[in-house]
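Q: Here it is, the structure in full.
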Amino acid sequence: MQVSAGRFHHIYDPSVGEAQPWYINDHTLIRDESGRWHLFGITHAEPADPWDENEFAHATADLLHGPWTKQPPALTADPEYGETHLWAPYVLRAEDRYYMFYDGGGSDRTATAMNLATSTDLTTWTRHPDGPLFHDGYDARDPMVLWLEDRWVMYYCATSDPEGGHHVVAYRTSTDLVSWSDRAIAYTDPRTGTGAGPTESPFVLRHNGSWYLFIGPRPRYTGTDVFRGDDPLHFSVADQSGHIRAHAAEVVDDGERLWVTHAGWDQGGVHLAPLRFRE
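If you want our numbering, it's the position in the sequence shown, counting the first as 1, plus 1071.
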């Protein structure tokens, strides 16, 4: 099965109402109980300045394709909580509340804080009172969480050793979204390093009996590779089954079909395209 995307259409520009261009980078979309869409993501004025990304964008729309309305920031970095930046939120609903997982940084890039905030309305967010859920490196970030049989699984990008090594997609498991297991590895890339690497923005999806892992940037900034396997906790380089011209890609299900997003530095906001699976 080969995975690709159709034509991308621009759906949201965070620069509206601002004196200069702004960007959205790693982001997440969720629909509330009334059917309204919410977008959260890294945001900052151009040019890119990742170490000064200290607030999460929030926008809303009645339809996935817009029009989208810019809302006040969902969260702002809290130095007293140990946050030095806010990167890559992922939001899900469980029982009676929404959970936002994100990278809150910290002074030690080999022990980045994975943080949690919760909300009942997707507008007012409260940080977990006991501090970060866990720490990992190198620049462990870009969480994505799904329910797998009898537990939650959080995927995120890291390196094989917290001080560096092979770029990997790590994962941890939980039954309550607060207490998480030790890390394990779902994918190991041949490339090595410390900071930014080719396993960012992991997204895992089940479709027609198979599991798919989306990661990037590969091979350049605007590029996402897709890997297909039978086990959601194990993917290999040989499993590649598609490529999408997108950065920080997220898969969105609107109830009728699957879509894939594209955003990033100097990309003008968020773009959306139909996701395609072909024999």
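For each residue, glycine too, the CB sits at the ideal point set by N, CA and C.
Using a Cβ-Cβ cut-off of 6 Å (strictly less than) and excluding sequence neighbours within five positions of Phe1205, which residues of its own chain qualify?
A: Met1185, Trp1251
Q: Please classify Pro1233: does DSSP put it in a helix, a strand, or coil?
A: In this structure, Pro1233 counts as coil in the three-state DSSP scheme.
Q: Assuming the contact rule is C-beta atoms closer than 8 Å, Gly1208 and Gly1175 should be a hit. Round their C-beta distance to whole Å, please.
A: Actually they do not touch by this definition, with Cβ atoms about 13 Å apart.
Q: Can you list, in chain order, the residues of its chain whose CB lies under 6 Å from that of Gln1311, leaving out five sequence neighbours each side?
A: So the list reads Asp1296, Phe1298, once near-sequence residues are dropped.
Q: Have a look at Val1249 and Tyr1227 and give me their C-alpha separation to the nearest angstrom.
A: 16 Å
Q: Of the residues Thr1263, Ile1101, Ala1241, which one's Cα is nearest the Cα of Asp1253?
A: Ala1241
Q: Starting from the N-terminal side, write out each stretch of the beta strand (DSSP E) that is 3 residues or longer and does not extend beyond the region 1272 to 1308.
A: Counting whole runs of 3 or more residues, the region 1272 to 1308 contains the beta strand (DSSP E) stretches 1281 to 1287, 1295 to 1300.
Q: Would you list the residues sitting across from Trp1330 in a DSSP beta bridge?
A: Val1323, Pro1345
Q: In the DSSP assignment, find the beta strand (DSSP E) that holds Met1072 and state where it starts and stops.
A: First-last for Met1072: undefined, no H or E at that position.
Q: Going by the CB atoms, is the gap between His1136 and Phe1111 shorter than 8 Å?
A: Contact annotation: Phe1111 and His1136 have beta-carbon atoms that are not nearer than 8 Å.
Q: Please say whether Arg1243 and Met1225 have beta carbons closer to each other than 8 Å?
A: yes
Q: Going straight from the alpha carbon of Ser1281 to that of Pro1288, what length do you get?
A: 23 Å
Q: Whose C-beta lies closer than 8 Å to the C-beta of Leu1087 among residues of the same chain, with five residues either side of it excluded?
A: According to the sequence as given, residue 1087 is Val; it is not Leu. When the five nearest sequence neighbours on each side are left out, the beta carbons in the same chain lying within less than 8 Å of the beta carbon of Val1087 are those of Lys1141, in order along the chain.
Q: Any idea what DSSP makes of Pro1138, helix, strand or coil?
A: Three-state result, Pro1138: coil.
Q: Name the residue from Asp1097, Tyr1283, Ala1309 whose alpha carbon lies nearest to the alpha carbon of Tyr1173.
A: Asp1097
Q: Three or more C-beta pairs under 8 Å: does that hold for the region 1146 to 1166 against the region 1112 to 1127?
A: yes
Q: Report the residue from Asp1247, Trp1336, Thr1265 whose alpha carbon sits nearest the alpha carbon of His1115.
A: Sorting Asp1247, Trp1336, Thr1265 by C-alpha distance to the C-alpha of His1115 places Trp1336 at the top.
Q: Exposed or buried, what is Ala1320 when buried is set at 16 or more other beta-carbons lying within 10 Å of its beta-carbon?
A: buried
Q: By DSSP, does Pro1203 sit in helix, in strand, or in coil?
A: coil
Q: So what does DSSP say about Glu1126, is it helix, strand or coil?
A: strand
Q: What first and last residue would you give for the beta strand (DSSP E) that runs through Gln1311?
A: 1311 to 1315
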